[in-house]
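**Student:** Chains as they are written, first to last, in our numbering: chain X, 3 to 499; chain E, 30 to 152; chain L, 394 to 470.
Take a look at the following structure, please.
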Amino acid sequence: MNELIPLIVIIPLICALLLNLLHGKNRISRIMALIVAIIIPIIALVASNGLHFFGGHAPLTFNPSLLESLPASLLSSRVILFHPAITYSLAGLEKIFIFILGIVIFLALFTYFNKYKKVSGPYLFLIFMGTAAVSAMLLSDDIFNMYIFFEIAALTQTGIILASNTEGSTETALKYMILGSIGGPILLLGIGFVLGVIGSVNITDIVYAIHTGYVNPYSPALIIGFAMIFFGWLYASGLPPFNTIKSLIYSKGTPESSAILTTFSVLTMVAFGLVMFRIFGYLSVYKITIMLFSLLAMVLGVSMAVVQTDYRKMLGFLAVGELGFIAIGFGIGTKLSMTAGLFQAFNDIVITSLLFIGFGIVYYLTGTSDTRKLGGLISLNPKVSIMILLGGLALAGVPPFNGFQSKLMLVQSALNAGFPEIAIIIVLVSIVVFMTFVKAFHSIYLKPKPKDLGFVHKEVPSLAIVSIAILLIICLVIGLDPNLITYSFGQYLGGLI
Amino acid sequence: MIMDVQLASLFTSGALIVIGLYAAIFLDNIIKKIIGLSFIEEGVNLFLVALGYKLGGIVPIFLPGMTKSSFYANSAYPLPQALVLTSIVIGASTLAVMLALVMVLYKKHHTLSTKAMLGEDHE
Amino acid sequence: MIEYVIMVIIVLGAIITLMQKDLLKAAVVSGITGLCVAFLYEILLAPDVALTQAIVGAAIVPAFIALAVKKTKRTDD
């Protein structure tokens, strides 16, 4: 019974409610938000690994004194292994992801506080509610609990888009909610099918029931349940056919909102992807469908990004295309490929947050997001432009950054599993990503400045430079020593495969 | 046509989901799309509750005067009912947010047609 | 016997709601559908779910839709 584990979810929830009440009192809101945003990664690192059973109802095998008093017919059945309560589990994998979630939220809040004099209580409420929801999705071992927090996260994502108040953000928010109200109930229907076949919503029990032959693993109801949960997963992560709406969301938000939104999407994708792998990983149709959709995501994302002239839309499409790399790791299904996919997810969070905040600085300075009108910004502040260039190189997979290590692992795992075509597609898509980014960088920074370019602000905000620098240092450190991260992933997956 | 209540409820929930999906995808008026979305959620909730039904069973409320073994043998399965209680409330709150957004967008565009309001025809 | 009648009313009500030209009538008929679903929950041995659905699906959701219709346009054309 580890009490620190539910605190990872409860502290952001309470902070969200308090910040909503304290709307208007600037200093207290800022201090409280920054303190809680630092506490979350600290608790995640400090708490010891283990399980937490809500209400104290552990499975019967954990309680030997109670076990003696039961009749023998019960002792010899499988009932003593089942989990009667909602279970939260904390291992190395969850620690790493919640740590990086906390760091990104902290840096995004830093950037937000630097830009505006008055902070908005409801906006901070939405950010912290989303953080609590995503952490709970990663920690929870109960599939219905995950669905509840998934719906909360979808509502808060809509709220964050609305709060950005750019042109067209209200229409985008309504479109996103309508699609969410189709995707969410279909996910619940899939959960209902799985519940109907097996009779429990605890993931450990479902996996146990399928793998020990308690139910027929190839029953049609389970396969229909998989198809529906898969459809809900496509909506949550932004794979095709939902990639257009997701990239539209990223392009309509303010820079720190987009960084937060992309972190939430990647972590939701990782949480549900791991659940689908644990329950349905033995099905051959699982591997085929995930590989198909991830290849579509990579190719569509990058081909739509190439033709854009608006750099925010280009970045939105590139961010959605990166999700295809993560999904390919899940689709191939071996231990090395899953480790590579999870590592790619971690790198994705760091790199896309860096690029969104970086391009946000360009928008802050010039007020326009059309690359045809920009140029020559490198003379204004060379340090920032070099940092953004390095971030883009990390995105494309250039050594010695972390993008290179994770893409190398993906290519190796595809070759090991006997899919050389997938390895070639991964390399080709990375090359096109590199080309797209260099083209955008050239037209913003390197080409000669057009005469009619007017600046809205002259000074680059200093705290934004600090945020970019911290994220770039993380990229470099992980790139030089990937074993810091992949070791915990390999341990977690060793228990599953 | 006599089939038992559980199977007929599953068919009804399927019909509600299909009608709701048709409305959400193909109808043009945004209020009717939102009513269709509420039908999808009602259908899914009905599916979940119908899963827990037990033929000739009793309501899963433990009254004084019942023995535990007769309660376990006869009651309907209460787990899906707990899921549905939360899901109904989630459906109502997302509906409220969507209707609020429709009101704001109507002030801006003065039309309730999806093609005009949301720019392009979407899924 | 009555349960089959209720199920037919649910499906017919859903279809009729979506065929209405007057959006206020559509809100009311969707309330009738929600009430019949609540009745079906009672038959399926789930009384607390039936209470929640009766309040939410028959009173709250039609009231929200009617409020939205009042602030926007009444007819669908």
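For glycine and all other residues, C-beta sits at the position ideal for the given N, C-alpha and C.
Please look up how many angstroms separate the CB atoms of V199 of chain X and A229 of chain X, rounded, as I've assumed it's under 8 Å.
**Tutor:** In the first sequence, the residue the question calls residue 199 of chain X occupies position 197. In the first sequence, the residue the question calls residue 229 of chain X occupies position 227. The Cβ separation is near 14 Å, so there is no contact.
**Student:** Which residues in the same chain as A534 of chain X place their Cβ atom closer than 6 Å to its Cβ, once the five residues preceding and following it in sequence are excluded?
**Tutor:** This structure leaves residue 534 of chain X out entirely; chain X is present only between 3 and 499.
**Student:** Report the neighbours of M179 of chain X on chain E: residues whose CB is nearer than 8 Å to its CB, in chain order.
**Tutor:** If you number the first sequence from 1, residue 179 of chain X lands on position 177. Chain E residues near M179 of chain X: T123, V126, M127 and L130.
**Student:** In chain order, what residues of the segment 56-83 of chain E put their CB closer than 8 Å to some CB of chain L?
**Tutor:** Cβ contacts with chain L come from L56, N58, I60, K61, I63, I64, G65, S67, F68, E71, N74, L75, V78, A79, G81, Y82 and K83.
**Student:** Would F358 of chain X pass as an interface residue toward chain E - the criterion being a Cβ-Cβ separation below 9 Å?
**Tutor:** The residue you call residue 358 of chain X lines up with position 356 of the first sequence. Not an interface residue.
**Student:** Pop quiz: S249 of chain X and G318 of chain X are said to be a contact at Cβ under 8 Å. What is the actual Cβ separation, rounded to whole angstroms?
**Tutor:** Counting from 1 along the first sequence, the entry for residue 249 of chain X is found at position 247. Counting from 1 along the first sequence, the entry for residue 318 of chain X is found at position 316. The Cβ separation is near 4 Å, so the contact holds.
**Student:** Measuring only the C-alpha atoms, how far is H139 of chain E from A138 of chain X?
**Tutor:** Along the second sequence, read from residue 1 onward, the residue named residue 139 of chain E stands at position 110. Along the first sequence, read from residue 1 onward, the residue named residue 138 of chain X stands at position 136. So the two alpha carbons sit approximately 41 Å from each other.
**Student:** Pull up the distance between the alpha-carbon of I475 of chain X and that of N74 of chain E, whole angstroms please.
**Tutor:** Within the first sequence, numbered from 1, the residue matching residue 475 of chain X stands at position 473. Within the second sequence, numbered from 1, the residue matching residue 74 of chain E stands at position 45. One C-alpha to the other measures close to 48 Å.
**Student:** Could you list which residues in chain E have their beta carbon closer than 7 Å to that of V454 of chain L, in chain order?
**Tutor:** One-based indexing of the third sequence puts residue 454 of chain L at position 61. Chain E residues near V454 of chain L: S67, A121 and L124.
**Student:** Could you pull the start and end residues of the beta strand (DSSP E) that G52 of chain X belongs to?
**Tutor:** Residue numbering aside, residue 52 of chain X sits at position 50 when the first sequence is read from its first letter. Where G52 of chain X is concerned, the enclosing beta strand (DSSP E) stretches over G52 to F55.
**Student:** Beta-carbon within less than 7 Å of G52 of chain X's beta-carbon, same chain only, minus the 5 sequence neighbours each way: which residues are those?
**Tutor:** Here residue 52 of chain X is taken as the residue at index 50 of the first sequence, counted from 1. The residues are N4 and L92.
**Student:** Does the ligand SAH have even one heavy atom less than 8 Å from the beta-carbon of F64 of chain X?
**Tutor:** The ligand SAH is not among the ligands present in this structure, which contains no ligands whatsoever.
**Student:** Look at the alpha carbon of D150 of chain E and the alpha carbon of F491 of chain X, and state the distance between them as a whole number of angstroms.
**Tutor:** On the second sequence, residue 150 of chain E is found 121 positions in, with the first residue counted as 1. On the first sequence, residue 491 of chain X is found 489 positions in, with the first residue counted as 1. For D150 of chain E, the pLDDT reaches just 41, beneath the cut-off of 50, and the residue's location in the model is therefore unreliable, although a value from the coordinates is still provided. If you take the alpha carbons of D150 of chain E and F491 of chain X, they lie about 42 Å apart.
**Student:** Going residue by residue through the segment 398-466 of chain L, where are the continuous alpha helix (DSSP H) segments of at least 4 residues, counting only ones entirely within it?
**Tutor:** The segment 398-466 of chain L contains these whole alpha helix (DSSP H) runs: 416-436, 440-448 and 454-464.
**Student:** Pull up the distance between the alpha-carbon of C17 of chain X and that of A156 of chain X, whole angstroms please.
**Tutor:** Numbered from 1 along the first sequence, position 15 holds the residue referred to as residue 17 of chain X. Numbered from 1 along the first sequence, position 154 holds the residue referred to as residue 156 of chain X. When rounded, the distance between both Cα atoms is 19 Å.
**Student:** Below 8 Å, how does it come out for the segment 154-173 of chain X and the segment 122-129 of chain X: are there three or more Cβ pairs, yes or no?
**Tutor:** Yes, the segment 154-173 of chain X is in contact with the segment 122-129 of chain X.
**Student:** What first and last residue would you give for the alpha helix (DSSP H) that runs through L128 of chain E?
**Tutor:** By one-based count along the second sequence, residue 128 of chain E stands at place 99. Looking at the DSSP string, the run of the alpha helix (DSSP H) that includes L128 of chain E is L108 to H138.
**Student:** From the beta carbon of F432 of chain L, is the nearest beta carbon of chain E less than 9 Å away?
**Tutor:** Position 39 of the third sequence, counted from the start, is the residue given in the question as residue 432 of chain L. With 9 Å as the cut-off, F432 of chain L does not count as an interface residue toward chain E.
**Student:** Let me confirm a value: M316 of chain X is counted as buried when at least 16 other C-beta atoms fall within 10 Å, else exposed. Which label applies?
**Tutor:** For the purposes of this step, residue 316 of chain X is taken as the residue at position 314 of the first sequence. It is buried - the Cβ of M316 of chain X has at least 16 other Cβ atoms within 10 Å.
**Student:** What does G86 of chain E reach in chain L if we use C-beta pairs closer than 7 Å?
**Tutor:** For the purposes of this step, residue 86 of chain E is taken as the residue at position 57 of the second sequence. Under the 7 Å cutoff, chain L gives L438.
**Student:** In this structure, does DSSP put N204 of chain X in helix, strand or coil?
**Tutor:** Translated into the one-based positions of the first sequence, residue 204 of chain X becomes position 202. Strand at N204 of chain X.
**Student:** Any beta carbon from chain L within less than 9 Å of S99 of chain E's own beta carbon?
**Tutor:** Stepping through the second sequence from its first residue, residue 99 of chain E is reached at position 70. S99 of chain E does not count as touching chain L.
**Student:** Can you name, in chain order, every residue of its own chain whose Cβ lies under 7 Å from the Cβ of K451 of chain X, other than the five neighbours on each side?
**Tutor:** As a first step, residue 451 of chain X must be located in the first sequence, where it is residue number 449. Closer than 7 Å at the Cβ level, and outside the excluded window around K451 of chain X, lie G377 and G378.
**Student:** Considering only C-alpha positions, which residue in the set E:S38, E:D33, E:M32 and E:G43 is nearest to L191 of chain X?
**Tutor:** By 1-based counting over the first sequence, the position of residue 191 of chain X is 189. Nearest C-alpha to L191 of chain X: E:G43.
**Student:** Report yes or no: do the segment 173-180 of chain X and the segment 256-264 of chain X share at least 3 C-beta pairs separated by less than 8 Å?
**Tutor:** Judged by Cβ distances under 8 Å, the segment 173-180 of chain X makes no contact with the segment 256-264 of chain X, as fewer than three pairs qualify.
**Student:** Here's the rule I'm using: 16 or more other beta-carbon atoms within 10 Å means buried, otherwise exposed. How should L397 of chain X be labelled?
**Tutor:** Working through the first sequence from its first residue, we reach residue 397 of chain X at position 395. Its Cβ being crowded by 16 or more others within 10 Å, L397 of chain X is buried.
**Student:** Under 8 Å by Cβ, that's how I've got Q413 of chain L and G427 of chain L pegged, so tell me the actual separation to the nearest angstrom.
**Tutor:** Position 20 of the third sequence, counting from 1, holds the residue named residue 413 of chain L. Position 34 of the third sequence, counting from 1, holds the residue named residue 427 of chain L. At roughly 16 Å, the Cβ-Cβ gap does not stay under 8 Å, so Q413 of chain L and G427 of chain L are not in contact.
**Student:** Under 7 Å Cβ to Cβ from L84 of chain X, same chain only, skipping five residues before and after it: list those, please.
**Tutor:** Looking up residue 84 of chain X in the first sequence gives position 82. At residue 84 of chain X the sequence reads Phe, which differs from the Leu that was named. Contacts found: P61, S202 and D207.
**Student:** Got a sec: is the Cβ-Cβ distance from M146 of chain E to anything in chain X below 9 Å?
**Tutor:** Mapped onto the second sequence, residue 146 of chain E falls at position 117. Yes, because at least one Cβ of chain X sits closer than 9 Å to the Cβ of M146 of chain E.
**Student:** Roughly how many angstroms separate the alpha carbons of A416 of chain X and T63 of chain X, rounded to a whole number?
**Tutor:** Position 414 of the first sequence holds residue 416 of chain X. Position 61 of the first sequence holds residue 63 of chain X. Their backbone Cα atoms lie some 41 Å apart in a straight line.
**Student:** Can you tell me whether R314 of chain X is buried or exposed, with buried defined as 16 or more other CB within 10 angstroms of its CB?
**Tutor:** Counting from 1 along the first sequence, the entry for residue 314 of chain X is found at position 312. Looking at its Cβ environment, which holds 16 or more other Cβ atoms inside 10 Å, R314 of chain X is buried.
**Student:** Do I184 of chain X and L147 of chain E have their C-beta atoms closer together than 9 Å?
**Tutor:** Sequence index remark: in the first sequence, residue 184 of chain X carries index 182 (1-based). Sequence index remark: in the second sequence, residue 147 of chain E carries index 118 (1-based). Contact: no.
**Student:** Rounded to whole angstroms, what is the Cα-Cα separation between L95 of chain X and I487 of chain X?
**Tutor:** One-based indexing of the first sequence puts residue 95 of chain X at position 93. One-based indexing of the first sequence puts residue 487 of chain X at position 485. Roughly 9 Å between the two C-alpha positions.
**Student:** Listed in chain order, which residues of the segment 139-154 of chain X have Cβ atoms closer than 8 Å to some Cβ of chain E?
**Tutor:** So the list reads F146, I150 and E153, given in the order they occur along the chain.
**Student:** Using the beta-carbon of each residue, which ones in chain L are nearer than 8 Å to A102 of chain E?
**Tutor:** As a working mapping, residue 102 of chain E is identified with position 73 in the second sequence. In chain order: nothing, as chain L lies at least about 14 Å away.
**Student:** Any contact between the segment 325-341 of chain X and the segment 279-293 of chain X? By contact I mean 3 or more CB pairs, one from each, below 8 Å.
**Tutor:** The segment 325-341 of chain X, when compared against the segment 279-293 of chain X, does touch it at the 8 Å Cβ threshold.
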